[in-house]
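**Q**
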Amino acid sequence: FSVATLSRGYKRRTRDFRIASTDSTVSEIGDEPLQIKRRFPEITVAVDRKRVNGVGNLMKLTPPVEVILLDDAYQHRSIKPGFSILLMDYMRPIHKDRLLPAGRLREPAINRIRANIILVTRSPERIKPFELREYVNQLGLTIGQHLYFTCMRYGELAPVFPGSEKKDATWFKTHVGGVVIVAGIAQPRPLRQYARSISTNISELFFPDHHSYTHKDIEKISAAYRELKKRGKEILVLTTEKDAMRLRDHQPEQDLKDAFHSVRIHVHFLNDDKDEFDRQIINYVHSNKRSSILYKGEDR
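For the sequence shown, the numbering used here begins at 16 and goes up steadily by one.
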């Protein structure tokens with residue numbers, strides 16, 4: 016299929032419709048769209064602050080786009096999708112959350128009934144059968160809805176800055192004497208646990224989600240790196256793929272550049288459900304190419 020993704024491009028400095036390239040910058044399209052484009056260069060990645068306008072532009076492309084994946088659009092009514100996937104954090108089930116500002120919901124929890132699939136993220140790798148049954152029962156799935164549980168697994172490490180030497184995980188576990196964690200993410204706990212699997216000598220520098228790094232931030236990172244470096248061993252400066260998109264805008268000292276690595280996240284489906292999940296998406300696309308309905312009205 017010819018696939019395109021469309022998002023608003025959070026915190027980008029541009030406002031118009033743009034199609035990303037692997038050479039795009041965070042300021043042009045935002046960190047997450049850039050991360051997607053560099054990880055999946057064969058797909059079309061677009062941003063537009065008005066989704067209706069963005070979809071319209073994508074549908075004019077040649078060759079034609081067959082699938083448009085909207086990011087963070089569940090609560091918007093300007094476009095009626097043909098297939099909806101609702102993501103829900105395992106530790107914050109939607110039926111126990113509240114509307115903003117008391118909670119994090121943007122619309123009432125009952126509206127989960129619109130989802131074709133509910134995808135539970137950050138699940139434990141092993142869930143006891145009775146806990147799973149209770150969790151499912153509390154969600155109150157409707158007929159035809161499907162529920163899948165996923166967890167995160169950390170994969171390979173890659174240099175953040177071009178030209179730095181790539182090393183495998185075994186090298187880090189045998190040579191590294193400390194880890195500086197640098198991340199601007201909402202849930203840092205899993206990254207902290209991963210860092211501890213490499214070294215117990217940890218220094219942490221956490222920032223708000225989608226943080227735009229400044230020269231002073233780089234100086235703080237450099238200071239933490241050099242403090243650990245005093246012990247004489249190799250130091251890993253660990254960050255996420257999303258943060259790497261923003262950190263590349265800076266030019267720290269060469270040894271700090273070489274120490275910077277991002278870790279890739281892989282999504283693992285529990286109960287070997289990945290094939291079933293994929294099959295539902297593929298079957299829908301086969302039957303409903305370009306089926307979304309665009310509504311006139313204010314885009315929110």
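Beta carbons: idealized from backbone N, C-alpha and C, even for Gly.
Remember, it's a predicted structure, so these values are computed and weren't measured experimentally.
1. Kindly indicate the opening and closing residues of the beta strand (DSSP E) around I58.
2. What's the C-alpha gap between Q266 and F221?
3. Compare the Cα-Cα distances from E234 to each of H190, L271 and P223 and report the closest residue.
4. In terms of alpha-carbon separation, which member of R92, A173, I44 and V300 lies closest to R66?
5. Expressed to the nearest angstrom, what Euclidean distance is found between the alpha-carbon atoms of G170 and Q269?
6. Quick one: what does DSSP say L85 is sitting in, helix, strand or coil?
7. Compare the beta carbon distance of A35 and P56 with 7 Å and say whether it is the shorter of the two.
8. Under the assumption that V194 contacts S214 (Cβ atoms under 8 Å), give the Cβ distance between them as a whole number of angstroms.
9. Does the distance from the CB of I132 to the CB of I94 come in under 7 Å?
10. Comparing alpha-carbon positions, which option in R207, T37, D86 and K257 lies nearest S22?
11. Look up H276 in the DSSP assignment and give the residues it is bridged to.
12. According to DSSP, D104 sits in a beta bridge with which residue or residues?
13. On the three-pair Cβ rule with 8 Å, is the region 159 to 167 touching the region 180 to 191?
14. Using a 10 Å radius around the Cβ and a threshold of 16 neighbouring Cβ atoms, would you call H230 buried or exposed?
15. Can you give me the C-alpha to C-alpha distance between D31 and V252, rounded to a whole angstrom?
16. For S302, which residues of its own chain have a beta-carbon under 6 Å away from its beta-carbon, when the five flanking residues on both sides are left out?
17. Ignore the nearest five residues each way along the sequence and tell me which others in K311's own chain have a CB closer than 7 Å to its CB.
18. Could you tell me which of R33, Y105 and E81 sits nearest to L285, measuring between CA atoms?
19. Identify whether E122 lies in helix, strand or coil by the three-state DSSP scheme.
20. Taking only three categories from DSSP, how would you classify K311?
21. Which same chain residues end up closer than 7 Å to A239 when comparing Cβ atoms and leaving out the 5 residues on each side of it in sequence?
22. Any idea what DSSP makes of G193, helix, strand or coil?
23. If I measure Cβ to Cβ from H283 and keep anything under 7 Å in the same chain, skipping five residues before and after, which residues do I get?
24. Which residue from R33, F145 and L102 puts its Cα closest to that of E43?
25. Is the separation between the beta-carbon of T255 and that of I200 shorter than 7 Å?
26. On the CB-based measure, 16 or more other CB atoms within 10 Å of its CB, does E291 come out buried or exposed?
27. Using CA atoms only, rank isn't needed, just tell me which of S39, V151, L262 and R27 is closest to I236.
28. Counting only the same chain and skipping the five closest in sequence on each side, list residues whose C-beta sits under 7 Å from that of H225.
29. Would you kindly work out how many angstroms separate the C-alpha atoms of G69 and L76, rounded to a whole number?
**A** According to the structure data:
1. Run containing I58: none; DSSP gives neither H nor E here.
2. If I take the Cα positions, the gap works out to 20 Å.
3. L271
4. R92
5. 25 Å
6. strand
7. no
8. The beta-carbon separation of V194 and S214, rounded to 5 Å, stays under the 8 Å limit for a contact.
9. no
10. D86
11. P174 and L253
12. T136
13. The count of Cβ pairs closer than 8 Å, one atom from the region 159 to 167 and one from the region 180 to 191, stays below three, leaving the stretches out of contact.
14. exposed
15. 35 Å
16. none
17. Bear in mind that a pLDDT of 42 at K311, under 50, signals an unreliable position, so the model cannot answer this.
18. Y105
19. coil
20. At K311 the pLDDT is 42, less than 50, meaning the model places this residue with poor confidence; the figure from the coordinates comes in the next sentence. DSSP, read as helix, strand or coil, puts K311 in coil.
21. V195, S218 and L220
22. strand
23. T165, C166 and R168
24. For E43, the nearest C-alpha among the options comes from R33.
25. yes
26. Under this definition E291 is an exposed residue.
27. L262
28. Y25, K26, D46 and G199
29. 11 Å
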